[in-house]
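Single-structure report; data block below.
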Amino acid sequence: MRKHMLRPTPKGFDGRVGRIVTSEDGGPIRRIINGRSKRPTGTFTAIKAGGRAMPHESVEGELRAMWIAEAATCVRKMLAQPHRLEISVSGRSRPLLYFPDLLLEMDEAAASRIVGGQPFAQAMFAEPENMGGKYTRTVVLEIKTGADRRMEDAEYRLKLSLARKLYRGLGVVFAVVQADPGLLAPDLSAVKRIVMNRHVAIDSRDIEIAASRVQDGPVALVDLAASLGSSHLGISKAFALHVRRVISIDLNGPVGPQTAIHRMKSAGTRRAPRSAVWPKEPYAKA
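For the sequence shown, counting from 1, position 199 maps to 197 in this note's numbering; every step adds exactly one.
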């Protein structure tokens, strides 16, 4: 395990110290799947996690959030169970331990929408025509479903409150996302279809064709698909190119043949000035 001391000094934090512990291989620090859980568990292999298998213990919660992140062109990278946050608290012999569900590296505009209170899925898909901005932000998420009763525990609420202050001191956005309404995408079935096609083979010619078709403005999905191959193959390639952030499909409503496909900006991926300086390789490169 890699251990990294954090000494943020946000107003009102009273000098508490935290430590982030990441895995040696840069992957999830906790695998969840151990054969003892009574809840449905599984893994999700994400392009934006460098092909890593990421654990989840809720289809309606963590897995759905990962689908949305994989299908959102504002997200550059992601990792489930990214680290362990150890929070030292005065009067306690042992630190409070917190394991966030998901870490995202995303365009600053989308992170700002989350900070502004916009439901997560809406924030991810709000501006398909304006993705690929100048700066990125680190966003840490805690995903909640209706079956999760931990918020009734005062100790757990304290843990989240202190974690929020530590992350804020590092310039990191921390959000608790309720599955309803936070993970209700306008067309969840389309999100799932896009994600199911994430591993479709793409070559340099496909990238060249797609980029040239949207260079002068949005085109219809059916027209782009025709340029990429047969009807079925062309759609599959378009979905894979969307996940790889070559193009941006408008996911604000039902996805059909006339859905608009936008070009991605190429303004670089510099971090925003107040974004955290995370340990080297906190997640795999996509």
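C-beta atoms are modelled at their ideal positions from N, C-alpha and C, and glycine is treated no differently.
Remember, it's a predicted structure, so these values are computed and weren't measured experimentally.
Burial state of residue i, where buried means 16 or more other Cβ atoms lie within 10 Å
i	result
Pro179	exposed
Met122	buried
His197	exposed
Met149	exposed
Arg50	buried
Gly24	buried
Glu140	buried
Gly289	No statement about residue 289 is possible, as the shown extent of the chain runs from -1 to 284 and does not include it.
Ala119	buried
Val175	buried
Gly89	exposed
Ala161	buried
Residue i (DSSP reduced to helix, strand or coil)
i	result
Val15	coil
Ile205	helix
Ile200	coil
Leu219	helix
Ser246	strand
Lys157	helix
Phe172	strand
Ile233	helix
Leu95	strand
Glu84	strand
Val73	strand
Ala78	strand
Pick from the options that is closest to residue i, judged by C-alpha positions
i	options	result
Leu94	Val15, Lys75, Arg50, Leu61	Val15
Ala109	Val137, Trp65, Asp99	Val137
Met64	Leu101, Gly89, Leu239	Leu101
Pro117	Val212, Lys142, Ile233, Tyr96	Lys142
Ser313	Ile66, Thr20, Arg50	Look at the range of the chain in this structure, -1 to 284, and you will see that residue 313 is not part of it.
His240	Asn195, Ser210, Ala224	Asn195
Ile247	His230, Ser225, Val220	Val220
Arg17	Lys46, Gln256, Val87	Val87
Glu103	Ala152, Ala145, Ala47	Ala47
Ala183	Leu249, Leu160, Leu77	Leu249
Met76	Asp105, Asp185, Glu84, Ser202	Asp105
Endpoints, beta strand (DSSP E) assigned at residue i
i	result
Pro53	51 to 54
Phe42	40 to 43
Lys142	133 to 142
Leu186	From DSSP, Leu186 is part of no beta strand (DSSP E) but of the alpha helix (DSSP H) over 186 to 194.
Contact set for residue i: own chain, Cβ-Cβ below 6 Å, skip 5 residues either direction
i	result
Ala69	Val189, Ile192, Val193
Ala208	Leu239, Val244, Ile245
Beta-carbon proximity list for residue i, same chain, < 8 Å, skipping 5 on both sides
i	result
Val171	Ala109, Ile112, Val113, Arg135, Thr136, Val137, Val138, Tyr165
Val212	Leu222, Ile245, Ile259, His260, Arg261
Ile27	Met(-1), Val19, Thr20, Ser21, Gln79, Pro80, His81, Arg82, Phe97
Cβ of residue i within 7 Å of any chain C Cβ
i	result
Thr71	Here there is only one protein chain, and chain C is not present.
Where the alpha helix (DSSP H) containing residue i begins and where it ends
i	result
Leu100	No alpha helix (DSSP H) contains Leu100, which is instead part of the beta strand (DSSP E) from 100 to 105.
Met262	Unbroken run through Met262: none, as it is neither H nor E.
Arg62	62 to 69
Ala119	118 to 123
Ala177	177 to 180
Cβ neighbours of residue i in the same chain (closer than 7 Å, five flanking residues each side left out)
i	result
Ala238	Asn195, Arg196, Val198, Ile200
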